[in-house]
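Colleague: Numbering (my numbering), first residue to last: 16 to 400.
Here you go, one structure.
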Ligand code: NAD
Ligand code: MG
């Protein structure tokens with residue numbers, strides 16, 4: 016029986032994780048579930064799964080959560096500190112599926128406590144990858160990549176030495192606007208941007224996939240998880256999303272991981288690790304798929320790819336600044352305040368205006384993140400004035 020905690024339980028990845036747990040009730044027991052503001056969904060999930068603790072991120076919602084859990088025996092907690100405390104609670108497996116840099120402190124707490132952390136929350140690794148990897152090494156925590164590409168790479172590495180790796184290829188679907196010109200991208204609406212051709216995901220990552228910032232963030236994520244050097248990590252557009260990534264070894268043997276584009280497959284890999292579990296996912300039917308296509312990524316039409324690689328090369332606080340500016344810009348785009356092409360433009364402008372010293376502790380990362388958000392707000396004000 017694995018005792019599991021799920022951070023971001025009400026989101027796309029959180030609900031997929033719970034779907035798998037529901038199908039194997041004898042193998043998993045839920046300890047803690049968290050959400051940001053959806054009290055009703057969180058309370059319903061906590062009751063259904065018999066969680067010990069439910070934490071709502073918004074401190075002002077404590078009363079509402081307590082009321083929703085009345086008579087259940089489930090402990091209610093609220094606020095960022097409560098999230099951090101819940102992350103340090105004893106659990107055999109912790110899913111980090113909060114979206115954005117908001118997941119950084121809870122994820123760090125789980126790593127510092129030496130937990131086994133299934134990491135979906137790529138923004139935390141982008142912002143503070145060096146500190147997170149150090150914390151995991153120091154405490155003996157295990158980090159299991161859930162992002163489908165990184166989970167694929169993890170599987171293709173199968174314990175091999177990184178010294179033997181010649182190249183890692185991150186595959187990218189290219190998103191919903193893979194074939195559009197820059198001019199055609201100007202009036203893309205939020206509804207069009209969140210309609211991904213292959214994957215069903217939360218709104219923020221769907222917009223990131225449309226700008227291809229998602230692949231840029233994943234490049235930085237991969238560089239931390241699999242430190243082979245940035246020059247050995249490349250991006251390949253593969254519209255069918257069947258090959259989830261590849262590892263080429265120095266003998267020129269290449270291993271790829273394939274599967275239907277369903278997040279429950281990489282989540283199941285991390286959940287059952289080091290074993291395997293059954294999933295309800297579609298078996299791969301290559302006869303029906305027929306062909307697999309590949310293209311080089313286009314840095315001109317998708318400047319986010321260029322910005323992310325530059326930020327990865329610059330290192331230090333730059334990826335945290337890139338991420339924070341992107342989070343602000345994506346939220347503004349989803350709110351209808353800016354255009355689609357403004358997203359990468361705002362990120363670039365913030366990177367030009369602001370830099371910070373290499374973070375030594377998490378508070379340094381959060382300070383750079385906070386300042387970058389202010390800068391992004393100022394760039395946007397000028398834009399919409
Ligand atoms: P989502 O928006 O569907 O869910 C986000 C979850 O985080 C929700 O439970 C929400 O309540 C919680 N949350 C949001 N803001 C919070 C805050 N400030 N404090 C505490 N909790 C907060 O997002 P998602 O698509 O499930 O993605 C989650 C993470 O996994 C992201 O980092 C994303 O990049 C990554 N990821 C997602 C997918 C996918 O298929 N959805 C694939 C790969 C990686
Ligand atoms: Mg991915």
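Note that CB positions come from ideal geometry on N, CA and C, so glycine has one too.
This structure is a prediction, so every number in the text was calculated from the model and none was measured.
Cα separation between residue 255 and residue 91?
Modeller: Counting only the Cα atoms, residue 91 lies some 43 Å from residue 255.
Colleague: With DSSP as the reference, label residue 312 as helix, strand or coil.
Modeller: coil
Colleague: Residue 108 bridges to which residues according to DSSP?
Modeller: 19
Colleague: With a threshold of 16 other CB atoms inside 10 Å of the CB of residue 238, please say whether the residue is buried or exposed.
Modeller: buried
Colleague: Considering only residues of the same chain and omitting the five flanking positions on each side of residue 154, which have a CB-CB separation below 8 Å?
Modeller: 126, 127, 128 and 129
Colleague: In or out: residue 36 buried (at least 16 other Cβ within 10 Å) or exposed?
Modeller: Buried is the label assigned to residue 36, since at least 16 other Cβ atoms lie within 10 Å of its Cβ.
Colleague: With DSSP run on the structure shown, which of helix, strand or coil describes residue 239?
Modeller: helix
Colleague: Within a Cβ cutoff of 7 Å, which residues of the same chain sit near residue 279, ignoring the five residues on either side of it in sequence?
Modeller: 31, 34, 35, 294 and 296
Colleague: How is the alpha helix (DSSP H) around residue 79 delimited, first residue to last?
Modeller: 77-83
Colleague: Does at least one heavy atom of the ligand MG sit under 8 Å from the Cβ of residue 163?
Modeller: Distance from the C-beta of residue 163 to the nearest heavy atom of the ligand MG is below 8 Å.
Colleague: Return the Cβ separation of residue 79 and residue 114 in integer angstroms, given the expectation that the two are a contact with Cβ distance under 8 Å.
Modeller: Their Cβ separation, rounded to whole angstroms, is 22 Å, which puts residue 79 and residue 114 out of contact at 8 Å.
Colleague: Would you give the residue range spanned by the alpha helix (DSSP H) that residue 352 belongs to?
Modeller: Premise fails: residue 352 is in no alpha helix (DSSP H) and is neither H nor E.
Colleague: Sorry if obvious, but does the Cβ on residue 149 come closer than 8 Å to a heavy atom of the ligand MG?
Modeller: no
Colleague: Which residue's Cα is closest to the Cα of residue 112: 103, 105 and 122?
Modeller: That would be 122, whose Cα lies nearest to the Cα of residue 112.
Colleague: Measuring straight from C-alpha to C-alpha, what distance separates residue 213 and residue 363?
Modeller: 28 Å
Colleague: Does the beta-carbon of residue 342 have 16 or more other beta-carbons within 10 angstroms, so that it is buried, or is it exposed?
Modeller: buried
Colleague: Under the assumption that residue 183 contacts residue 248 (Cβ atoms under 8 Å), give the Cβ distance between them as a whole number of angstroms.
Modeller: 5 Å
Colleague: Can you give the beta carbon distance from residue 252 to residue 309, rounded, assuming they're within the 8 Å contact cut?
Modeller: 7 Å
Colleague: Using 8 Å as the cut-off, classify the Cβ of residue 34 as near or not near the heavy atoms of the ligand NAD, replying yes or no.
Modeller: no
Colleague: Going by the C-beta, is residue 55 closer than 8 Å to any heavy atom of the ligand NAD?
Modeller: no
Colleague: According to DSSP, is residue 92 part of a helix, a strand, or is it coil?
Modeller: strand
Colleague: Less than 9 Å separating the beta-carbons of residue 205 and residue 22?
Modeller: no
Colleague: Please report how far the alpha carbon of residue 81 lies from the alpha carbon of residue 24, in whole angstroms.
Modeller: 17 Å
Colleague: What ranges does the beta strand (DSSP E) occupy inside the region 152-215, keeping only unbroken runs of at least 3 residues that lie completely in it?
Modeller: Assignment of beta strand (DSSP E) within the region 152-215, counting only whole runs of 3 or more residues, yields 157-160 and 180-187 in chain order.
Colleague: For chain D, find out if any of its Cβ atoms is closer than 9 Å to the Cβ of residue 86; answer yes or no.
Modeller: Protein chain content of the structure displayed is limited to a single chain, and chain D is not contained in it.
Colleague: In or out: residue 143 buried (at least 16 other Cβ within 10 Å) or exposed?
Modeller: With 16 or more other Cβ atoms within 10 Å, it is buried.
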